[in-house]
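**Student:** I have a structure here, written as structure tokens, and I will follow up with some questions on it.
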């Protein structure tokens with residue numbers, strides 16, 4: 002598969018992601034349970050000209066930033082493939098955060114306006130529970146409904162372990178284990194929603210109970226669909242793993258199906274909240290418990306996970322120590338991913354450092370760094386055709402193969418080369434094999450000659 | 003009926019739950035025979051400890067406002083069944099009356115206020 006196909010694949014994934022973030026965020030401007038951009042407003046205030054102005058500017062800024070991000074993203078296409086992928090991951094993380102800056106700004110402005118105007122609703126600053134709705138028994142899915150997908154995702158793992166070729170398919174096994182983990186995660190996340198506070202939008206218990214039911218039903222539906230889609234994807238990926246094209250297509254289909262389903266349930270919940278609470282004056286105001294309208298901060302609430310006020314999502318109670326730790330770890334993970342992406346990108350684009358020094362052959366590029374004593378080399382070849390190779394762990398881009406690979410005719414092999422630019426130097430020692438190339442074919446051939454001279458024996462094969 | 007819990011209030015949470023349920027029964031928002039959430043459900047819905055809800059419910063049960071049985075769950079009985087003002091109410095009323103006198107509120111105004119509350123001004127707003 003060519004580099005252009007990979008770039009197009011990334012564009013197909015990334016552009017919809019940018020648009021989706023903007024759509025999800027601007028949708029927060031539509032009143033749901035009388036909450037506009039994280040601020041509870043009485044009905045009259047929702048029509049106020051200043052409120053509308055803040056909302057209008059927020060929407061404009063979000064779409065403007067999305068456009069800028071899309072242009073920046075398109076500009077990345079001029080980079081080499083490795084750099085393109087890594088920088089686009091870093092840019093995507095930035096693109097997720099930037100619209101939230103506008104959200105926080107709009108939220109602060111609305112909160113300040115609300116305070117200045119004294120817009121208050123009957124229940125302000127308190128945790129409100131609807132007793133009648135809370136007394137309604139929850140219609141829960143059985144946990145065993147989540148078991149079949151977990152068992153399906155286990156098939157590749159079990160097959161590899163039973164056939165005894167687990168070591169050869171370490172990458173695939175890790176993937177299978179991840180998918181089993183996702184299935185189990187869905188199973189254990191489901192009961193969380195049943196333990197959450199119910200929705201309270203007003204004095205009508207019937208309506209409150211309906212809002213709670215819709216949220217729970219869609220949450221269960223989303224988790225069940227996630228675990229089944231994941232299991233089917235894992236099975237199909239395992240059956241078609243030898244075809245790079247099919248695995249790419251499968252991954253794209255899986256991601257689109259998953260995102261599509263999650264979005265459809267999210268918008269179903271949002272629409273229901275909007276419809277059921279339209280035209281009703283604001284009733285319950287928990288704004289004081291939400292930082293920037295986004296982070297729940299109530300040290301008196303023993304819940305760690307908490308329902309988002311609108312939509313079907315969940316957040317973390319940062320008022321608890323465990324919540325703070327959870328948020329700090331998440332932030333560190335995202336930041337780490339971004340830094341790692343950039344570092345790996347720089348590593349990809351760095352020139353190869355290789356040569357002979359003091360009776361030792363040294364090689365350094367990206368994560369690959371090793372030294373081979375010349376007197377330990379048992380075989381040296383200059384390859385113009387790369388033998389059949391399958392990635393075990395590492396990078397497998399059209400223009401860069403780097404890491405641990407299963408290579409036909411070689412054992413315990415690490416490679417670092419551009420598959421489109423032969424020749425390659427294959428060095429074999431008693432305990433390992435290394436196949437690599439320098440930045441240009443001329444440099445590779447020159448180094449090969451230099452090694453030959455240094456060890457002064459006839460190579461096993463000639464081109 | 004909406005239960006509003008103010009965590010910054012000096013009134014303990016179990017007392018807030020108890021008082022609001024009594025107010026709900028008195029205002030007719032909670033009818034006799036109506037089912038209340040289980041202790042676990044109310045604790046999960048409000049985010050408070052199960053012990054807190056349990057304490058509120060046992061106080062209400064002792065005062066006769068609710069009954070609990072294994073099959074039917076916790077149900078509103080509708081009245082305390084006390085039949086008259088107990089020492090608890092008289093003590094509380096004495097303190098409130100003394101506070102009103104110290105605040106300079108006339109006897110007539112105080113009685114009018116009590117009458118107004120008794121005849122329907124018992125909402126929790």
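Chains as they are written, first to last, in my numbering: chain W, 2 to 464; chain E, 3 to 127. Don't be surprised by glycine CBs; every beta carbon is placed ideally from N, CA and C.
Is the Cβ of residue 119 of chain W closer than 9 Å to any Cβ of chain E?
**Tutor:** no
**Student:** According to DSSP, is residue 427 of chain W helix, strand or coil?
**Tutor:** Residue state, collapsed to three classes: strand.
**Student:** Return the chain-ordered list of same chain residues with a C-beta closer than 6 Å to the C-beta of residue 21 of chain E, the five sequence neighbours on each side being excluded.
**Tutor:** none
**Student:** Which residues in the same chain have their Cβ closer than 6 Å to the Cβ of residue 303 of chain W, if we skip the five residues on either side of it in sequence?
**Tutor:** none
**Student:** Does any heavy atom of the ligand COA sit closer than 8 Å to the C-beta of residue 336 of chain W?
**Tutor:** The ligand COA is not among the ligands present in this structure, which contains no ligands whatsoever.
**Student:** Which whole-angstrom value is the C-beta distance of residue 129 of chain W and residue 201 of chain W, which I expect to be below 8 Å?
**Tutor:** 5 Å
**Student:** Can you tell me whether residue 37 of chain W is helix, strand or coil according to DSSP?
**Tutor:** strand
**Student:** Output yes if chain E places a C-beta closer than 9 Å to the C-beta of residue 214 of chain W; else output no.
**Tutor:** no
**Student:** Give the straight-line distance between the Cα atoms of residue 358 of chain W and residue 449 of chain W, rounded to the nearest whole angstrom.
**Tutor:** 14 Å
**Student:** For residue 208 of chain W, collect the residues of the same chain with a Cβ closer than 7 Å to its Cβ; drop the 5 residues on either side in sequence, then sort them by chain order.
**Tutor:** Residues 202, 277 of the same chain have their beta carbon placed closer than 7 Å to that of residue 208 of chain W, with the five preceding and five following residues left out of the count.
**Student:** Hey, is residue 43 of chain E's beta-carbon within less than 9 Å of any beta-carbon in chain W?
**Tutor:** yes
**Student:** Taking CB distances under 9 Å as the criterion, tell me whether residue 206 of chain W reaches chain E.
**Tutor:** Taking Cβ atoms only, chain E reaches closer than 9 Å to residue 206 of chain W, which makes this a yes.
**Student:** Please name the residue in W:90, W:365, W:187, W:315 whose C-alpha comes closest to that of residue 231 of chain W.
**Tutor:** W:187
**Student:** So that I know if they touch, is there some Cβ in chain W lying closer than 9 Å to that of residue 75 of chain E?
**Tutor:** At least one CB of chain W lies nearer than 9 Å to the CB of residue 75 of chain E.
**Student:** Helix or strand or just coil, what does DSSP make of residue 51 of chain E?
**Tutor:** coil
**Student:** Could you tell me whether any Cβ in chain E is nearer than 9 Å to the Cβ of residue 277 of chain W?
**Tutor:** So, not an interface residue.
**Student:** What would DSSP say about residue 308 of chain W, mapped onto helix, strand or coil?
**Tutor:** strand
**Student:** Closest Cβ-Cβ distance between residue 53 of chain E and chain W: below 9 Å?
**Tutor:** Not a single C-beta of chain W is nearer than 9 Å to the C-beta of residue 53 of chain E.
**Student:** If you draw a straight line from the C-alpha of residue 127 of chain E to the C-alpha of residue 25 of chain E, how long is it?
**Tutor:** Reliability of the predicted coordinates at residue 127 of chain E is poor, the pLDDT of 40 falling under 50, and no value is obtained from them.
**Student:** Quick check: is the beta carbon of residue 14 of chain E nearer than 9 Å to any beta carbon in chain W?
**Tutor:** no
**Student:** Determine, for residue 288 of chain W, whether the minimum Cβ-Cβ distance to residues of chain E falls below 9 Å.
**Tutor:** No, residue 288 of chain W does not count as interfacial toward chain E.
**Student:** Against chain E, with Cβ distances strictly below 9 Å, would residue 124 of chain W count as a contact?
**Tutor:** Closer than 9 Å to some Cβ of chain E, the Cβ of residue 124 of chain W qualifies, so yes.
**Student:** How would you list, in chain order, the residues of chain C whose beta-carbon sits under 7 Å from the beta-carbon of residue 127 of chain W?
**Tutor:** Any reference to chain C falls outside this structure, whose protein chains are W and E.
**Student:** Could you tell me which uninterrupted beta strand (DSSP E) segments, each at least 3 residues in length, are contained entirely in the region 304-383 of chain W, listed from first to last along the chain?
**Tutor:** 306-308, 315-317, 354-358, 361-366, 369-374
**Student:** Should residue 7 of chain W be flagged as near chain E, meaning a C-beta pair shorter than 9 Å?
**Tutor:** no
**Student:** Determine the DSSP secondary structure at residue 3 of chain E, reduced to helix, strand or coil.
**Tutor:** coil
**Student:** Could you round the C-beta distance between residue 123 of chain W and residue 284 of chain W to whole angstroms and report it? I think they count as a contact, below 8 Å.
**Tutor:** 6 Å
**Student:** Check this for me: beta carbons of residue 399 of chain W and residue 420 of chain W, under 9 Å apart or not?
**Tutor:** Contact flag set, yes.
**Student:** May I ask you to report which of helix, strand or coil DSSP gives residue 547 of chain W?
**Tutor:** Outside the modelled stretch of chain W, which goes from 2 to 464, sits residue 547 of chain W, for which no answer is possible.
**Student:** Quick one, are the C-beta atoms of residue 378 of chain W and residue 428 of chain W less than 9 Å apart?
**Tutor:** yes
**Student:** Just the Cα atoms here: how many angstroms apart are residue 185 of chain W and residue 176 of chain W?
**Tutor:** 14 Å
**Student:** Please classify residue 463 of chain W as buried or exposed, where buried requires at least 16 other C-beta atoms within 10 Å of its C-beta.
**Tutor:** With a pLDDT of 45 at residue 463 of chain W, under the threshold of 50, the modelled position of this residue cannot be trusted; read the value that follows with caution. Under this definition residue 463 of chain W is an exposed residue.
**Student:** Taking the beta strand (DSSP E) that residue 433 of chain W falls in, what are its first and last residues?
**Tutor:** 433-437
**Student:** Tell me whether the beta-carbon of residue 41 of chain E lies closer than 9 Å to the beta-carbon of residue 76 of chain E.
**Tutor:** yes
**Student:** Let me make sure I understand the geometry here. Which of W:55, W:85, W:319 has the alpha-carbon closest to that of residue 27 of chain W?
**Tutor:** W:55
**Student:** If we ignore side chains and look at the alpha-carbon of each, how far apart do residue 502 of chain W and residue 376 of chain W end up?
**Tutor:** The question about residue 502 of chain W has no answer, for chain W in this structure spans 2 to 464.
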